[in-house]
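Residues 0 to 353, numbered by numbering that gives the first Met the number 0, are exactly what the sequence shown covers, in order. Contents: one structure, followed by commentary.
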Amino acid sequence: MSPLFTPARTRRSPRPPVASRSLRPPRLRAVAVALSAVLLTAGCGASGGGAAGEAKASVPAPKGFPVTVDNCGVRTTYERPPSRVVTIHQHPAELMLALGLKDRMVGTAFPDSEVLPELKADYEAVPELAKREPSFEKVLDVEPDLVYGGYGSAFDEKQGRSRKAFADAGVDTHLNREYCGKKRVTMRDTYDEIRTVGRIFGVSERADALVADLRGRVGKAVKAVEGERRVPVFVYDSGDKAPFTAGGKSLGTELIRLAGGENVFADLDDVFGDVSWEQVVERRPEVIAVYDYAGAGSVEEKKRFLLAQPALKDVPAIRNKRFVVLPLTATLVGVRSAHAVGDLARGLHPESFR
């Protein structure tokens, strides 16, 4: 089969080419930056950059600060809100933009779906550092004070982007809580992530308002399908020899449940995993949710592939050509998951929205 249908594990265990590395390790680079600052201070006197730096340091911390956050085993104290942020992966960027934090962003990386229409202009206004995860040096070039990663691969130690490496360079890091460890991910994780980011940036009121809006979206969809029969759903992420699907610990499973469906592989004890085509046939899904993202073939290619498999011809979803398309970013901890519940509900129970 085409390599387009190879399971897209890049977001979980990336294997990108090794980036070119600076001859200066992080500690030496940090020392060089500090030395440059000292020299600038000496050369410019009270009217130069040194004075500005001293003035900033003397400004009292904003109300509500310092803020301490425990994130995936890393404890960080923010004396003031970060002002130069790089987001790696799309969903952290969308979350920040939804909180009105575009002016704090100096770089994004790894877009993998269409951006929410209401956020598209702001997203495109932030410089894109790389189509995939940027190198450690590329991130440091824009002088961030915080790097916010969406998948665990944002801080891949083998690629030189470990959280420790950033800490040694004087840069704070935050990882989307979905990748803090193997546990079941729910909508509560989405709401907690938004509130945590709101605290870090001193915009808790905005975070609370955003959570209220997203809860309202979910509640409206849930109410629309209340009492309806649960529709069996198979999530097709990618894969030809073996389908790669969403397991019981994934947020996707909860989104399907809220939308009036049931993930036929909810018993898979992982966030994602391989199953067999024989299992798909046995579980007789009535709808297939196709995950859409860059690098794993287009939605139409995935549909054609599934419809062309003789072994699947008697699967109800294939026989009736019932597909629901979800951007991958809509199935992750971020602002789009609430939108996904409504989209799924319409696909599973269209009669409830007429």
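Just so it is clear, CB atoms sit at the ideal spot from N, CA and C, and this is done for glycine as well. Bear in mind the structure is a predicted one, so any value in this text is a computation, not a measurement.
Tell me, which residues are paired with residue i by DSSP?
i       : result
Pro-309 : Answer is none; Pro-309 lacks a bridge partner.
Gly-148 : Ile-87, Leu-174
Glu-78  : According to DSSP, Glu-78 bridges with nothing at all.
Asp-127 : As written in the sequence, residue 127 is Glu, which differs from the Asp given in the question. In the DSSP output, where bridge partners are listed per residue, Glu-127 has Thr-107.
Val-323 : Ala-288
Pro-231 : Glu-261
Asp-188 : Its beta-bridge partners do not exist; DSSP assigns none.
Phe-243 : Ser-237, Asp-273
Val-221 : Answer is none; Val-221 lacks a bridge partner.
Thr-67  : Thr-76
Do residue i and residue j have their C-beta atoms within less than 8 Å of each other?
i       : j       : result
Lys-157 : Val-125 : no
Thr-195 : Leu-250 : no
Val-289 : Phe-243 : no
Ala-310 : Val-280 : yes
Ala-344 : Ala-220 : yes
Leu-128 : Val-84  : no
Lys-301 : Tyr-235 : yes
Arg-216 : Ala-329 : no
Arg-368 : Lys-312 : Residue 368 lies beyond the stretch modelled for the chain, which goes from 0 to 353, so this question has no answer here.
Gly-149 : Pro-91  : yes
Ala-245 : Phe-271 : yes
Arg-109 : Glu-123 : Residue identity differs from the one stated: residue 109 is Phe in this sequence, not Arg. No, Cβ-Cβ distance for Phe-109 and Glu-123 is not below 8 Å.
Thr-76  : Pro-65  : yes
Ser-351 : Glu-253 : no
Ala-295 : Ser-237 : yes
Tyr-147 : Thr-86  : yes
Ile-193 : Val-170 : no
Am I right that residue i and residue j are in contact with their C-beta atoms under 8 Å? What's the rounded C-beta distance?
i       : j       : result
Gly-260 : Val-286 : 7 Å
Pro-80  : Phe-200 : 5 Å
Ala-316 : Leu-325 : Ala-316 to Leu-325, Cβ: 15 Å. No contact.
Glu-136 : Val-114 : Going by Cβ atoms, the distance from Glu-136 to Val-114 rounds to 27 Å, so no, they are not a contact pair.
Ser-112 : Tyr-292 : 5 Å
Val-334 : Asp-188 : Not quite, the Cβ-Cβ distance comes to about 13 Å (not below 8 Å), so this is no contact.
Gly-197 : Ala-206 : 3 Å
Val-224 : Ala-265 : The Cβ separation is near 18 Å, so there is no contact.
His-88  : Ala-153 : 6 Å
Pro-284 : Val-263 : 5 Å
Answer yes or no: does any C-beta atom of chain C fall closer than 8 Å to that of residue i?
i       : result
Ser-237 : The question asks about chain C, but that chain is absent: this structure has only one protein chain.
Are three or more beta carbon pairs between the stretch 174-185 and the stretch 68-82 nearer than 8 Å? yes
Pairs of beta-carbons, one from the stretch 136-145 and one from the stretch 91-107, closer than 8 Å: are there three or more? yes
Threshold first: 4 residues or longer. Then list the alpha helix (DSSP H) segments lying entirely within the stretch 247-321, N to C. 250-257, 276-282, 298-306, 315-318
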